[in-house]
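See structure below.
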Amino acid sequence: MTAYQPAPGVLDACETHDAYDAVVLAGGSARRLDGADKPGVRVGGRALLDRVLTACAGAAATVVVADPRPTARPVRWVREDPPGGGPVAALDAGLRATTAPVVLVLSADLPFLDPATVTRLTSALAASGAEGVLLRDAEGRDQPLVAAYRAEALRRALDQLAAEHGTTERAQQAGPGGRGAQRGLAGLSLRRLTGELRLTRAEAPLASFDCDTWDDIAAARARIREHEHVLDEWITAVKDELGIELDVDTGVLLDLARDAAHNVARPAAPLTTFLAGYAAGRAGGGPEEVAEAARKAAALALRWAEEETGKGTAPGGPAGDRDGTGPDAG
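Numbering (the numbering used here), first residue to last: 14 to 343.
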């Protein structure tokens with residue numbers, strides 16, 4: 014048996030007690046999508062793979078098991094040998110590029126996975142004595158590719174499967190770097206692997222929704238355009254596209270746009286929010302700076318409107334100079 018050894022060059026990764034690495038499996042054949050490039054299929058203007066990478070952005074290291082492609086976030090690319098060896102062989106290859114004590118294992122076709130669900134999985138694992146926490150889908154089925162595992166237990170289970178199914182002569186020649194197919198893991202079911210682990214489950218039907226068919230893709234695209242979801246989806250997509258990590262109060266910006274449109278002119282709304290964002294960026298770019306820039310611009314829009322209606326013209330009124338140094342002061 015070829016026991017697990019980390020691949021060279023990964024021993025300097027973060028290994029704090031609460032750190033986790035992510036392994037994303039993105040090299041499947043997508044037969045039910047007629048062989049389409051499933052990780053690259055877009056939902057809400059973003060590739061499915063990029064949506065998953067956004068959800069696990071808190072990982073110390075992210076490893077994608079697939080042929081390299083452009084992505085919105087930096088990742089490390091690995092491949093099972095030979096390609097197409099199945100999810101267990103792919104997971105084995107990905108796990109060799111990780112060092113954190115917890116590994117988040119994900120498929121690349123989860124349009125509704127979000128950081129909150131990732132935190133829920135890793136927190137549930139830390140609070141339990143289990144070796145893994147996985148999600149169940151809407152039908153109550155286990156989803157081993159939306160799960161957090163203790164890396165040591167996962168490596169032990171992979172080694173046990175390799176021992177049961179015979180390490181090949183090629184793997185013995187390759188040494189500790191031998192990959193999943195070389196270790197006799199090609200073609201094995203993930204349930205054979207998870208059957209070796211002590212698991213607990215969490216319920217998050219939406220986060221575990223995966224896109225296996227074109228009907229699934231259509232359903233995902235339709236859902237993000239529903240009224241209660243479209244704004245959050247759009248803002249997340251824009252931040253991803255622009256490489257922005259900032260979390261801001263969108264209500265503040267919407268109020269600013271409304272005030273500018275109502276009190277000045279409709280075209281003032283987008284221009285004012287742009288200028289507020291630019292000013293916030295120059296001031297440091299944090300949520301507090303955004304809120305302060307929006308507050309100042311909204312106050313200006315109000316003073317603008319009061320002049321037009323004849324209000325605030327008395328000395329010291331809202332239209333007067335705020336520092337008492339305007340033409341009516343003194």
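Glycine included, every Cβ here is placed at the ideal spot set by N, Cα and C.
Burial state of Gly98, where buried means 16 or more other Cβ atoms lie within 10 Å: If you number the sequence shown from 1, residue 98 lands on position 85. Classification of Gly98: buried, given that the 10 Å Cβ count is 16 or more.
Taking C-alpha atoms, which residue in Leu255, Val101 and Lys309 lies nearest to Ala270? Within the sequence shown, residue 270 is the residue found at index 257, counting from 1. Ranking the options by Cα distance to Ala270, first place goes to Lys309.
Proximal residues to His275 (C-beta, below 7 Å), its chain only, five neighbours per side dropped: For the purposes of this step, residue 275 is taken as residue 262 along the sequence shown, with counting starting at 1. Excluding sequence neighbours, His275 sits near nothing in its chain.
Evaluate contact between the stretch 161-172 and the stretch 122-138, counting only Cβ atoms and requiring at least three cross-stretch pairs below 8 Å. yes
If you draw a straight line from the alpha carbon of Asp268 to that of Arg236, how long is it in whole angstroms? The count along the sequence shown starts at 1 and reaches residue 268 at position 255. The count along the sequence shown starts at 1 and reaches residue 236 at position 223. In a straight line, the C-alpha of Asp268 is about 26 Å away from that of Arg236.
Closest by C-alpha distance to Pro124, when choosing among Cys69, Ala113 and Val116: The sequence position of residue 124 within the sequence shown is 111, counting from 1. Selected option, being the one with the closest Cα: Cys69.
Helix, strand or coil for Leu416? Go by DSSP, reduced to three states. A question about residue 416 goes unanswered here, because the residues of the chain that appear run from 14 up to 343.
Spatial distance of Asp80 from Val91 (CA atoms): As a position in the sequence shown, residue 80 is number 67, starting the count at 1. As a position in the sequence shown, residue 91 is number 78, starting the count at 1. The alpha-carbon atoms of Asp80 and Val91 are separated by roughly 7 Å.
Asp34 bridges to which residues according to DSSP? Here the question's residue 34 lines up with position 21 in the sequence shown. Note: Asp34 sits in a beta bridge opposite Val116.
Give me, in chain order, the residues of the same chain whose beta-carbon lies closer than 6 Å to that of Ala60; leave out the 5 immediate sequence neighbours on both sides. Taking the first residue of the sequence shown as position 1, residue 60 is located at position 47. Excluding residues within five positions, the ones whose Cβ falls inside 6 Å are Gly53.
Give the DSSP-derived three-state secondary structure of Pro83 in the structure shown. What you label residue 83 is simply residue 70 of the sequence shown in a count that begins at 1. Coil, per DSSP.
Ordered along the chain, which non-local residues of its own chain (more than five positions away) have a Cβ less than 8 Å from that of Leu201? Counting from one through the sequence shown, the residue named residue 201 turns up at place 188. Correct list, in chain order: Gly99, Val101, Ala102, Leu174 and His178.
Continuous beta strand (DSSP E) assignments of at least 3 residues falling wholly in the stretch 201-237: With a minimum length of 3 residues, the continuous beta strand (DSSP E) runs that stay inside the stretch 201-237 are 212-216.
Just to check my reading of the structure: Ala306 and Ala293 have Cβ atoms closer than 8 Å, yes? What is that Cβ distance to the nearest angstrom? Taking the sequence shown and counting its residues from 1, the one referred to as residue 306 is at position 293. Taking the sequence shown and counting its residues from 1, the one referred to as residue 293 is at position 280. Right, their Cβ atoms sit about 4 Å apart.
May I ask you to report which of helix, strand or coil DSSP gives Ala296? Taking the first residue of the sequence shown as position 1, residue 296 is located at position 283. Helix, per DSSP.
Tell me, please, which residues DSSP counts as bridged to Val265. On the sequence shown, position 252 is the one that residue 265 refers to. Paired residue(s): none; Val265 is not in a bridge.
To the nearest angstrom, how far is it from the Cα of Val251 to the Cα of Asp172? For the purposes of this step, residue 251 is taken as residue 238 along the sequence shown, with counting starting at 1. For the purposes of this step, residue 172 is taken as residue 159 along the sequence shown, with counting starting at 1. Cα to Cα, the separation comes out at about 43 Å.
Between the stretch 142-149 and the stretch 35-54, do three or more beta carbon pairs fall short of 8 Å? no
Which value, in whole angstroms, describes the spacing of the CA atoms of Asp105 and Leu66? The residue labelled residue 105 in the question sits at position 92 within the sequence shown. The residue labelled residue 66 in the question sits at position 53 within the sequence shown. So the two alpha carbons sit approximately 19 Å from each other.
Bridge partners of Trp317, per DSSP? Counting from one through the sequence shown, the residue named residue 317 turns up at place 304. In DSSP, Trp317 forms no bridge with anything.
For Asp262, which of Ala74, Glu254, Ile248 and Ala273 has the nearest alpha-carbon? Position 249 of the sequence shown holds residue 262. Of the candidates Ala74, Glu254, Ile248 and Ala273, the one whose C-alpha sits nearest the C-alpha of Asp262 is Ile248.
In whole angstroms, what is the alpha-carbon distance linking Gly71 and Glu320? Within the sequence shown, residue 71 is the residue found at index 58, counting from 1. Within the sequence shown, residue 320 is the residue found at index 307, counting from 1. Roughly 49 Å between the two C-alpha positions.
Where Leu108 and Asp127 are concerned, what is the direct C-alpha to C-alpha distance, given to the nearest angstrom? Taking the first residue of the sequence shown as position 1, residue 108 is located at position 95. Taking the first residue of the sequence shown as position 1, residue 127 is located at position 114. Approximately 22 Å between the Cα atoms of the pair.
Contact defined as beta carbons within less than 8 Å: I believe Thr130 pairs with Ala217. What is the distance between those atoms, to the nearest angstrom? Here residue 130 is taken as the residue at index 117 of the sequence shown, counted from 1. Here residue 217 is taken as the residue at index 204 of the sequence shown, counted from 1. Sure, about 5 Å apart at Cβ, within 8 Å.
Is the beta carbon of Val77 sitting closer than 9 Å to the one on Glu93? Counting from 1 along the sequence shown, the entry for residue 77 is found at position 64. Counting from 1 along the sequence shown, the entry for residue 93 is found at position 80. Cβ distance not < 9 Å, so Val77 and Glu93 don't count as in contact.
Would you mind reading off the limits of the beta strand (DSSP E) that contains Asp352? With the chain covering only 14 through 343, there is no way to say anything about residue 352.
By Cβ distance below 6 Å, which residues in the same chain neighbour Ala32 in space, the five residues on each side in sequence not counted? For the purposes of this step, residue 32 is taken as the residue at position 19 of the sequence shown. Ala73 and Ala113, listed in sequence order.
Using beta-carbon positions only, say whether Leu117 and Ala170 come within less than 9 Å of one another. As a working mapping, residue 117 is identified with position 104 in the sequence shown. As a working mapping, residue 170 is identified with position 157 in the sequence shown. For Leu117 and Ala170, no; Cβs fall outside 9 Å.
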